[in-house]
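Going down the list, the protein sequences come from chains A, B and C.
Residue numbers for the first sequence follow the numbering used here, so the first one is 544 and each next one is one higher.
Residue numbers for the second sequence follow the numbering used here, so the first one is 297 and each next one is one higher.
Residue numbers for the third sequence follow the numbering used here, so the first one is 4 and each next one is one higher.
No residue lacks a Cβ here, since even glycine has one placed at the ideal position from N, Cα and C.
Predicted model only: the values in this text are computed from it and were never measured.
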Amino acid sequence: MAFAWRSRVCALRHCSITGAPGCGPGAKGECGTNNPNAIEVRNLTKRFGEVVANNKVCLSVRRGEILALLGENGSGKTTLMNMLSGIYFPDEGDILVGGEPVVIRSPRDAYALGIGMIHQHFKLVDVFTAAENIALGLEGGPVIDRRALARSIREISGRYGFDIDPDKKVYDMSVSEKQTVEIIKVLYRGADILILDEPTAVLTPQEADRLFAVLRSMRDDGKAVVIITHKLGEVMALSDRVAVLRKGSYVGSVETAQTSPQALTEMMVGRAVALDIDRPEVQRGEERLKVVDLTCISAEGVTMLDKVSFSAYGGEILGIAGVAGSGQKELCEAIAGLCPVQGGAILYAGQVGGVEVHENLVGKSPMEIIKKGVALAFVPEDRLGMGLVAGMDVIDNMLLKSYRGSRGPFVDRGPARALAQQVVDRLAVVTPGLTAPVRRMSGGNVQKVLVGREIASSPEVLITAYPVRGLDINSSYTIYHLLNEQKQRGAAVLFVGEDLDVLLELCDRILVLCGGRVSGVVDARWAGKEQIGLLMTQTGKGDAQ
Amino acid sequence: MTENAKTAQREPLVRIVKRGDITAGKVWLIRALAALGAVLTGALLILALGHNPAAVYGQMIVGAAGSKIALVETIKIAIPLLGAAVAIAPAFKMKFWNIGAEGQIMAGAIAASYFALFYSQSLPRPLLLGVMLLAALAGGALWGVIPAVFKAKWGTNETLFTLMLNYIILGFEQYLQNGPWKRPSSGGFPKIAMFDEAARLPRLFGVHIGWVFVLLLVIGMTIYLRRSKQGYEIAVVGESERTARYAGMNVGRIVVRTMLLSGAVAGLVGFLQVSGANYTLTENTAGGIGFTAITVAWLAKLNPVVMVFIAALLAVLQKGSGRIQTEFLIPASASEVLTGIILFFMLGCEFFINYRLVLRGRERKNGQSD
Amino acid sequence: MDSLINLLVAAVLAGTPLLFGTLGEILTEKSGNLNLGVEGIMFMGGVAGLAGAYYYERAAQDPSGLLALLIAIVCAFLCGAFGSLIYSVLTVTLRANQNVTGLALTIFGTGFANFFGEVMAGQSESGYAAVGDTVKAAFAGIHIPGLSDIPVAGRLLFSYNILVYLGVAAALALSWFLRRSRKGLSLRAVGESPQTADAAGINVTRYKYAATCVGGGICGIGGMYIVMVTCGGIWVHDCVGGKGWIAVALVIFAMWSPARALLGSLVFGALSIMRLYVPLGIPTQLYDTFPYVATVLVLVFVSLRRRRENQPPASLGVPYFREDR
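Set out below in structure tokens:
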């Protein structure tokens, strides 16, 4: 409770420091005050259950400008833009297009108002051609005039410098080609406000440069362009103005020309907030996990982990920071044996029942890892889709990894029931009962069940991916406490997190990933938030220890 | 919680909201209402034909359970239905859509018949029946595992694959019936010879002991699904393959193993049909049982104990319709029509168990009291 | 030569009901609905078509064969569409399992048709429900003076009943609809990726209903063909006898293409009657399994090759609810 109050005060104070929303004086000539905004939102609020994703956000975008919407993961950027494109409906607040208040109920409404969004996950039909995808869902005669369609696609392509074959099937396309189709689809529908959600996340640097050229020519064409990003380099290179969101609230906006990456980082991550998370002092133990040059390439051929090397020791919490999609998921799953590895080694050293176990985990299935006596526990990000069985009760979920342990062909639910009761009691899990499906429990309680099960096996290495995501404050503190207990017990704990304040207070060391590479390892006791923020957004040389 | 008038207007007229929790009482109330709806719809149909619905329904029950002979016949209809539904349960629990119980029954029946026809003289009766049983298990398992292997290896669509296998084995049976296994004296209507006494299942309380087998199967499958490690694995794979992998399970192996079991149990039903009910093999040995059993299994939510009652209900309908044909001259196909109507209502009512409808403007307040 | 022509003509006649069933199911599956109730729907269409022609003939003073044909088509279509409507309400609106609902529809439709077929028979003086010669003539092969008399080609092309030509026309029209028309594109998008279609402003529910019901109507005409042509306009118990399931198989065999369905139904039609014409030394019952074996091979082949065009619609059998996205 105390924490919540303090952080709110701080956020408010911070807002007032940063200055009033909207454009400052001295804007470029053609963006003068008498030019109405292409789109403007006032006091927009969106809640998902208890979580406030957007809290009274105000924002405006002018014609003929590229606005970068900057913020950390979970700061509410995508939610805000989804309200503009008709995916979500706001709980409160107004949206104005060209100065007029509008109601946007569906993507179709958004198109009618000239708003087009290019989502991070493309919405394309794989077996259709580019042209078919572009024409999909449009009104018109009974037959699609393919020649006219191809002509206008070529016309749009020519105007903005795209290179696309209208008859190519989407499944034959590279990611950047698919993105091009999405952009043309939006332009073909006459959009003059374009929203791009992390458009460069899937592109090579060269492709990103080409995209930027296209976006600039759209701006020069008088269109309003919003790009959602957390890459400071892109913001500086591309945008005219930057708006910053933090934890669902609007922080402020500045002209790109008048700011610096350092200033933006501070706006994005905010000042350090005291959370009063315990960090018990524990003598650092032995090396439990040594990752050497770990490389993972996704099924689409994208390098997700690029020669990642680090060590995790008993008696410490190693934080893993990075913007979303920097390779955190692949790293965790590779260690747990769930993600194919293309190169490198994952060396485990631990004691099981007084016996030393040394194993290279690469190439081993989860089953083999368990059988080898490797005491490794993994709390995945996707709780109900991977870590737990949503339709089963707490008892049966306790069995998930241990059901093989009992002798004979039958499952022994006795110990599981005892363990379930223990987890429920100790972690204060609120549940309709041990026999109610975990699907019915709230996120925090689901997480407690998952973490409770994983630590029950007394692992030497405990990997947790975003264990407090979506949890309320009390539940979060319960989880921190549990992780600290494991650390004091001598386990090596990996904590993949997104809130830098938490990482800085909870962890002993923080490893920062950027684009699948280790951009630095810092000591959490001395590191600053800005330092980590910069490491997250650029592939620095880093002062790897 | 005051609703913004503007927002209320934008809301759609009826919204579908997932129910968080529902009491068992309400679940049964919804199901009872659906059953009542089905009965009333059937009654309308009967009325339209100019009969008294109450009398017709009454005669159906009399026809199905009014005498010992009728009851025996009804039970004989229910046995394979129940057995096949039990066979389907593990596959469906795993979300492997095995539409092939029909063919697996036939495969088991053919395998059992082989020994009944050609070894009845050379083997003592208990051994003969034992061998027939094993052959039926093996035959059904073989026919069930083929699509499973393809599914596990290449992701071949199991619904369509199992469906096709039904017709292939049926053609094979017809070939046997018309060719190598044809009874020489059957002439223009080719038939397979009746089994020797030794190859026939004994009776217990007037019905062939298949009913004992099937009830044992119900108990066994209940225990298997609820208590065994393999049953646990089936449930996890059915809920989420990702979770199964996370837990270190070999999904492909579980799929293959479960279909071996599912097919084997269906094969056993084939054995009961040829050795207990018909004493011979015909092209109607499976006779749609494999398909109807799917609906039995599904309506029972894959719970073998509940299947007993649903199989019994469908058997009563089927047997009772024979009675109303003689009493009221209503065609016996009425049983299928009624079965279909009941299925439609029961399938539809699940929606109201899982979701509730919220009318515009009647927000959470009503939701809570509901 | 003569026996080859006989075989081809017989194959076309035997393949036409399969063609209707296949076309209807292709249209249905293109919307993402795997309707296993084709058998039941064909039964329903069969009995409704017969009933329409039969009662019209009895009511009219001077029955017109052509009108009877038209009535039979309309009745069969409407009844098939009605069966599919039940399926759509249950699976699309009430979110019931598609496989189980389809099987329930097969049980219902089979019973429905046999029931009313027997009721019709029971009410007639003769004890069986059969149409008269005028109506029967409308379902017989046509004879176009000149064209039908051309040697070989006349028999091969211009000797069938009107429904055969209707089926070919339906296949071509459906092929055109799916490949060229705007609504066809939307429908395919619904079956491939309902999320994408929804985001593009396409009413997924409406498309699923429409495609499934029209598809059911087309299947119904196939059932009517069996009753009016194959059985000669009289109700025969269990007359559809598995042809609906062959249609489901044919959809796979044709890899969801109406044009290939034309060829496929000819092949399956030929296989089903070939034993009468070409003795291969294989027992006839094994002959009968060829269509199914061929389908399994195609199914396996398709899953091995993974060529994108030949795959089932990506969302086939998967229900779509917007809030799940």
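Practice task
Pull up the CB-CB distance for Gly-765 of chain A and Arg-605 of chain A, whole angstroms please, since I reckon it's below 8 Å.
Solution key: Your numbering for residue 765 of chain A matches position 222 in the first sequence. Your numbering for residue 605 of chain A matches position 62 in the first sequence. Not really, about 10 Å apart at Cβ, beyond 8 Å.
Handout entry: C-alpha gap between Ser-363 of chain B and Thr-370 of chain B, whole angstroms
Key = Within the second sequence, numbered from 1, the residue matching residue 363 of chain B stands at position 67. Within the second sequence, numbered from 1, the residue matching residue 370 of chain B stands at position 74. Going from the Cα of Ser-363 of chain B to the Cα of Thr-370 of chain B covers about 10 Å.
Problem - CB of Gly-399 of chain B within 7 Å of CB of Leu-461 of chain B, strictly - result: Within the second sequence, numbered from 1, the residue matching residue 399 of chain B stands at position 103. Within the second sequence, numbered from 1, the residue matching residue 461 of chain B stands at position 165. For Gly-399 of chain B and Leu-461 of chain B, yes; Cβs fall inside 7 Å.
Problem - Proximal residues to Arg-551 of chain A (C-beta, below 7 Å), its chain only, five neighbours per side dropped - result: Indexing the first sequence from 1 puts residue 551 of chain A at position 8. With a pLDDT of only 35 at Arg-551 of chain A, under 50, the local geometry of the prediction cannot be trusted, and no value is derived from it.
Practice task
Return no unless some Cβ of chain A is closer than 7 Å to the Cβ of Thr-554 of chain B.
Solution key: For the purposes of this step, residue 554 of chain B is taken as residue 258 along the second sequence, with counting starting at 1. So, not an interface residue.
Exercise for the section: Take every Cβ of the region 499 to 519 of chain B, pair it with every Cβ of the region 882 to 897 of chain A, and state whether three or more of those distances are shorter than 8 Å. Expected result: no
Exercise for the section: Report all residues from its chain with a CB closer than 7 Å to the CB of Val-254 of chain C; omit the five preceding and five following residues, and keep chain order. Expected result: Within the third sequence, numbered from 1, the residue matching residue 254 of chain C stands at position 251. Excluding residues within five positions, the ones whose Cβ falls inside 7 Å are Thr-25, Glu-28, Ile-29 and Glu-32.
Practice task
From the DSSP output, read off the bridge partner residues of Ser-792 of chain A.
Solution key: For this step, residue 792 of chain A is matched to residue 249 along the first sequence. A:Asn-598 and A:Arg-789.
Problem - Interface partners of Thr-539 of chain B on chain A, CB under 8 Å - result: Counted from its first residue, the second sequence places residue 539 of chain B at position 243. Within chain A, the residues near Thr-539 of chain B are Gly-928, Met-929, Gly-930, Leu-931, Val-932 and Leu-943.
Handout entry: Cutoff 8 Å; reference Arg-926 of chain A; Cβ partners in own chain excluding five residues on either side
Key = For the purposes of this step, residue 926 of chain A is taken as the residue at position 383 of the first sequence. So the qualifying residues of the chain are Gly-986, Val-989, Gln-990 and Leu-993.
Practice task
Just the chain B side, please: which residues come within less than 7 Å of Val-954 of chain A by C-beta, in chain order?
Solution key: Here residue 954 of chain A refers to the residue found at position 411 when the first sequence is read from its first residue. Arg-523, Ser-524, Lys-525 and Tyr-528, listed in chain order.
Problem - Rounded separation between Thr-337 of chain B and Ser-91 of chain C - CA only - result: Within the second sequence, numbered from 1, the residue matching residue 337 of chain B stands at position 41. Within the third sequence, numbered from 1, the residue matching residue 91 of chain C stands at position 88. So the two alpha carbons sit approximately 19 Å from each other.
Problem - C-alpha distance - Leu-21 of chain C paired with Ile-165 of chain C, whole-angstrom precision - result: Taking the third sequence and counting its residues from 1, the one referred to as residue 21 of chain C is at position 18. Taking the third sequence and counting its residues from 1, the one referred to as residue 165 of chain C is at position 162. C-alpha separation (whole angstroms): 16 Å.
Problem - Under the three-state DSSP convention, the category Glu-635 of chain A falls into - result: Here residue 635 of chain A refers to the residue found at position 92 of the first sequence. DSSP places Glu-635 of chain A in strand when its eight states are reduced to three.
Exercise for the section: Have a look at Asp-1042 of chain A and Cys-1050 of chain A and give me their C-alpha separation to the nearest angstrom. Expected result: One-based indexing of the first sequence puts residue 1042 of chain A at position 499. One-based indexing of the first sequence puts residue 1050 of chain A at position 507. For Asp-1042 of chain A and Cys-1050 of chain A, the distance between alpha carbons rounds to 12 Å.
Practice task
Pick out whichever of C:Gly-52, C:Leu-279 and C:Pro-322 has its Cα sitting closest to the Cα of Cys-1 of chain C.
Solution key: In the structure displayed, chain C extends from 4 to 328; residue 1 of chain C sits before or after that span and is not available.
Exercise for the section: Consult DSSP for Ser-541 of chain A and reduce its assignment to one of helix, strand or coil. Expected result: With chain A covering only 544 through 1088, there is no way to say anything about residue 541 of chain A.
Practice task
Give me the Cα-Cα distance between Leu-70 of chain C and Ile-153 of chain C, rounded to the nearest whole angstrom.
Solution key: Reading the third sequence from its first residue, position 67 is the one you call residue 70 of chain C. Reading the third sequence from its first residue, position 150 is the one you call residue 153 of chain C. So the alpha carbons of these two residues sit roughly 29 Å apart.
Exercise for the section: Report yes or no: is there a C-beta of chain B within less than 7 Å of the C-beta of Ile-913 of chain A? Expected result: Here the question's residue 913 of chain A lines up with position 370 in the first sequence. It does: the Cβ of Ile-913 of chain A has a partner Cβ on chain B nearer than 7 Å.
Problem - Beta-carbon proximity list for Pro-709 of chain A, same chain, < 6 Å, skipping 5 on both sides - result: In the first sequence, counting from the first residue as 1, residue 709 of chain A sits at position 166. Cβ within range, chain order: Ala-673, Ala-674, Ala-693 and Ile-696.
Exercise for the section: Output yes if chain B places a C-beta closer than 7 Å to the C-beta of Met-910 of chain A; else output no. Expected result: Mapped onto the first sequence, residue 910 of chain A falls at position 367. Yes - at least one Cβ of chain B is within 7 Å of the one on Met-910 of chain A.
Handout entry: Residue of C:Val-12, C:Phe-111 and C:Arg-191 minimising C-alpha distance to Val-167 of chain C
Key = Against the third sequence, residue 167 of chain C aligns to sequence position 164. The shortest C-alpha separation from Val-167 of chain C is found at C:Val-12.
Practice task
Between the Cα of Val-510 of chain B and those of B:Asn-453, B:Leu-521, B:Gln-569 and B:Ala-328, spot the shortest distance and give me the residue it belongs to.
Solution key: Position 214 of the second sequence holds residue 510 of chain B. Closest option to Val-510 of chain B, Cα to Cα, is B:Gln-569.
Practice task
Count the CB pairs spanning the region 735 to 746 of chain A and the region 770 to 780 of chain A that are closer than 8 Å, and state whether there are at least three.
Solution key: yes
Exercise for the section: Please list, in chain order, all residues of the same chain as Leu-16 of chain C whose beta carbon is under 6 Å from its beta carbon, the five residues on each side excluded. Expected result: Taking the first residue of the third sequence as position 1, residue 16 of chain C is located at position 13. Result list for Leu-16 of chain C: empty, nothing under 6 Å.
Practice task
Measuring only between beta-carbons, confirm whether Leu-692 of chain A sits less than 7 Å from chain C.
Solution key: Translated into positions along the first sequence, residue 692 of chain A becomes position 149. Chain C contact via Cβ: absent.
Handout entry: As assigned by DSSP and simplified to three states, the class of Phe-671 of chain A
Key = For the purposes of this step, residue 671 of chain A is identified with residue 128 of the first sequence, where counting begins at 1. Phe-671 of chain A: coil per DSSP, three-state reduction.
Practice task
Please list the partners that Pro-923 of chain A has in chain B, where partner means a Cβ-to-Cβ separation under 8 Å.
Solution key: The residue given as residue 923 of chain A occupies position 380 in the first sequence. Residues of chain B passing the Cβ test: Tyr-542.
Problem - Continuous beta strand (DSSP E) stretch holding Ile-229 of chain C: start and end - result: Your numbering for residue 229 of chain C matches position 226 in the third sequence. Careful: Ile-229 of chain C lies outside any beta strand (DSSP E) and carries neither H nor E.
Exercise for the section: Assess, as a yes-or-no matter, whether the region 835 to 843 of chain A is touched by the region 1000 to 1013 of chain A under the definition of 3 or more beta carbon pairs within less than 8 Å. Expected result: no
Exercise for the section: Look at the alpha carbon of Lys-447 of chain B and the alpha carbon of Trp-179 of chain C, and state the distance between them as a whole number of angstroms. Expected result: Here residue 447 of chain B refers to the residue found at position 151 of the second sequence. Here residue 179 of chain C refers to the residue found at position 176 of the third sequence. Rounded to whole angstroms, Lys-447 of chain B to Trp-179 of chain C spans 33 Å at the Cα level.
Problem - Identity of the residue in A:Lys-944, A:Gly-934 and A:Ile-938 nearest Ala-920 of chain A by Cα - result: For the purposes of this step, residue 920 of chain A is taken as residue 377 along the first sequence, with counting starting at 1. Ranking A:Lys-944, A:Gly-934 and A:Ile-938 by Cα distance to Ala-920 of chain A puts A:Lys-944 first.
Handout entry: Three-way DSSP call (helix, strand, coil) for Asp-706 of chain A in this model
Key = Locating residue 706 of chain A in the first sequence gives position 163, where the first residue counts as 1. Residue state, collapsed to three classes: coil.
Practice task
Taking 7 Å as the cut-off, decide whether the C-beta atoms of Met-402 of chain B and Ala-582 of chain B are in contact.
Solution key: Reading the second sequence from its first residue, position 106 is the one you call residue 402 of chain B. Reading the second sequence from its first residue, position 286 is the one you call residue 582 of chain B. Yes; because the gap between Cβ atoms is below 7 Å, this pair is in contact.
Exercise for the section: Measure from the C-beta of Val-441 of chain B to each C-beta in chain A and report whether the shortest distance is under 7 Å. Expected result: Position 145 of the second sequence, counted from the start, is the residue given in the question as residue 441 of chain B. By this cut-off, Val-441 of chain B is not an interface position.
Handout entry: Buried/exposed call for Gln-1029 of chain A, threshold 16 Cβ in 10 Å
Key = On the first sequence, residue 1029 of chain A is found 486 positions in, with the first residue counted as 1. Its Cβ being crowded by 16 or more others within 10 Å, Gln-1029 of chain A is buried.
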